[in-house]
Amino acid sequence: MKRIALHWQIMIGMIVGALIGLTVNFTAGTRATKLTGDRLPADVQSVEILDTPNVVRVTIETPEGTTVRTVDPTRSLPDSVASLEALETSDPRAYKLFQRYGQSWARRLGAAAQYFGGLFLRLLQMVAVPLIVTSLMTGVLGIGQADRLGRMFVRTITYYLVTSLLAIATGIMMVNLIQPGIGGQMNEMAQAAPHVEGNIVDVLKDQLLNLIPSNPLAALAQANFLSIISFTLAFAIFTVIVGGRTAEVIREFFESAFDVMMAMTTAIIRLAPLGVLFLMMYVTATQGTAVFVSLFWYMLAVVLALGVH
Numbered sequence: 019m020k021r022i023a024l025h026w027q028i029m030i031g032m033i034v035g036a037l038i039g040l041t042v043n044f045t046a047g048t049r050a051t052k053l054t055g056d057r058l059p060a061d062v063q064s065v066e067i068l069d070t071p072n073v074v075r076v077t078i079e080t081p082e083g084t085t086v087r088t089v090d091p092t093r094s095l096p097d098s099v100a101s102l103e104a105l106e107t108s109d110p111r112a113y114k115l116f117q118r119y120g121q122s123w124a125r126r127l128g129a130a131a132q133y134f135g136g137l138f139l140r141l142l143q144m145v146a147v148p149l150i151v152t153s154l155m156t157g158v159l160g161i162g163q164a165d166r167l168g169r170m171f172v173r174t175i176t177y178y179l180v181t182s183l184l185a186i187a188t189g190i191m192m193v194n195l196i197q198p199g200i201g202g203q204m205n206e207m208a209q210a211a212p213h214v215e216g217n218i219v220d221v222l223k224d225q226l227l228n229l230i231p232s233n234p235l236a237a238l239a240q241a242n243f244l245s246i247i248s249f250t251l252a253f254a255i256f257t258v259i260v261g262g263r264t265a266e267v268i269r270e271f272f273e274s275a276f277d278v279m280m281a282m283t284t285a286i287i288r289l290a291p292l293g294v295l296f297l298m299m300y301v302t303a304t305q306g307t308a309v310f311v312s313l314f315w316y317m318l319a320v321v322l323a324l325g326v327h
């Protein structure tokens, strides 16, 4: 029997994950819980928890009064935060009560699916840096002539600067025109990311600065891909310039390492259908059909940007 192509397996995983997630979201996405008695801390009289796909509300009654904590990623209100991670930071007690007593079955399934999907993403992240380093080293060392490398280096830098300028300009234009993230739910990493303002020239200057890592080992540890690529290219070029037995030993090492990394990457990619299934199950179980609205605008922005670029 002919094996199904990988891209079709990924598509099937995406559809199955979405169907499972949406079914659970529609049937078990809402839960209302009221707690009193011995299960609560001594200073808490009662707790009411409402968990819906869009809003989480925790109402805590104490002798001092009533405290309401709301998680709503779509609106900014008093005593409201945009994510459960932000609730954990601002009010750990409310977060713990929700996690222990108030989660809907859809959110519990989403958390489990997120865990397994996260394992797949970590596998991809694990091989990304070694694969980039070994493939670049193998490619450059395979050329084997310093004069050819010089011409290639000039062309590569020119091509990079020109395409980066066009890509940045196109990306800024499309994002401001379509605004694909409006109304979407940001995760904790997106919320914590610093907001940087500047024009295209400033962005290009920063990119050029990032080409030169102050510490190559730190760049590898932090997965700073631009710095990794530039240092790897420089190392490979000077390996060719040195030549001789040194270049031969380094070339053989990285060719062998590249073969191993390709085998490892191929094995991980075979898990992509399961990884996509779990990730799609997570977003649809916790966010419902709203995720497809944000995804549509994102895909539209990407397609238009690629068409212009």
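Just so you know, we're using my numbering here: the sequence shown kicks off at 19 and counts up by one.
The beta carbon of each residue, even a glycine, is placed where N, CA and C say it ideally should be.
In this text the structure is predicted, and so the values were computed from the model without any measurement.
Handout entry: Start and end residues, alpha helix (DSSP H) containing G306
Key = It is not in any alpha helix (DSSP H) - G306 carries neither H nor E in the DSSP assignment.
Handout entry: Where the beta strand (DSSP E) through G83 begins and ends
Key = Boundaries of the beta strand (DSSP E) around G83: 83-89.
Problem - Alpha-carbon spacing of Q121 relative to A285, whole angstroms - result: Rounded to whole angstroms, Q121 to A285 spans 35 Å at the Cα level.
Handout entry: Residues bridged to K52 [DSSP beta-bridge criterion]
Key = Paired residues: E66.
Handout entry: Inter-residue Cα distance where the pair is G160 and M29
Key = Going by the C-alpha atoms only, they are around 37 Å apart.
Exercise for the section: Rounded to whole angstroms, what's the CA-CA distance from R263 to V278? Just pull it up for me. Expected result: Between the alpha carbons of R263 and V278 lies a distance of about 23 Å.
Handout entry: Bridge partners - I287, DSSP secondary structure assignment
Key = DSSP, once it has assigned bridges, lists no residue as partnering I287.
Exercise for the section: In the DSSP assignment, find the unbroken beta strand (DSSP E) run with R126 in it and report its ends. Expected result: Careful: R126 lies outside any beta strand (DSSP E), inside the alpha helix (DSSP H) at 123-161.
Exercise for the section: Please name the residue in K223, T51, I33, L149 whose C-alpha comes closest to that of L388. Expected result: With the chain covering only 19 through 327, there is no way to say anything about residue 388.
Problem - Residues of its chain near I38, where Cβ-Cβ distance is below 6 Å and the 5 sequence neighbours each way are ignored - result: Non-local C-beta neighbours of I38 in its own chain, meaning closer than 6 Å and more than five positions away in sequence, comprise M299, ordered along the chain.
Exercise for the section: With a cut-off of 8 Å on the beta carbons, I'd call A303 and V42 a contact; round off their distance for me. Expected result: The C-beta distance from A303 to V42 rounds to 5 Å, short enough to fall under 8 Å.
Exercise for the section: Indicate the three-state DSSP secondary structure (helix, strand or coil) for T92 in the structure shown. Expected result: If DSSP states are grouped into helix, strand and coil, T92 belongs with coil.
Handout entry: For R75: DSSP bridge partner residues
Key = Answer is L68, T88, bridged to R75.
Exercise for the section: Give the secondary structure of S101 by DSSP, where H, G and I count as helix, E and B as strand, and everything else as coil. Expected result: Assignment of S101 by DSSP, reduced to helix, strand and coil, places it in the coil class.
Exercise for the section: Kindly indicate which three-state DSSP category N205 falls into: helix, strand or coil? Expected result: Unreliable placement is indicated for N205, whose pLDDT of 47 sits below 50; the coordinate value is still reported in the next sentence. Here N205 sits in coil by DSSP.
Problem - Local conformation of H213 per DSSP, three classes - result: With a pLDDT of only 49 at H213, under 50, the local geometry of the prediction cannot be trusted, and the value read off the model is given with reservation. Note: H213 maps to coil in three-state DSSP.
Exercise for the section: Identify every residue that forms a DSSP beta bridge with T80. Expected result: For T80, which the question treats as bridged, DSSP gives the partners G83.
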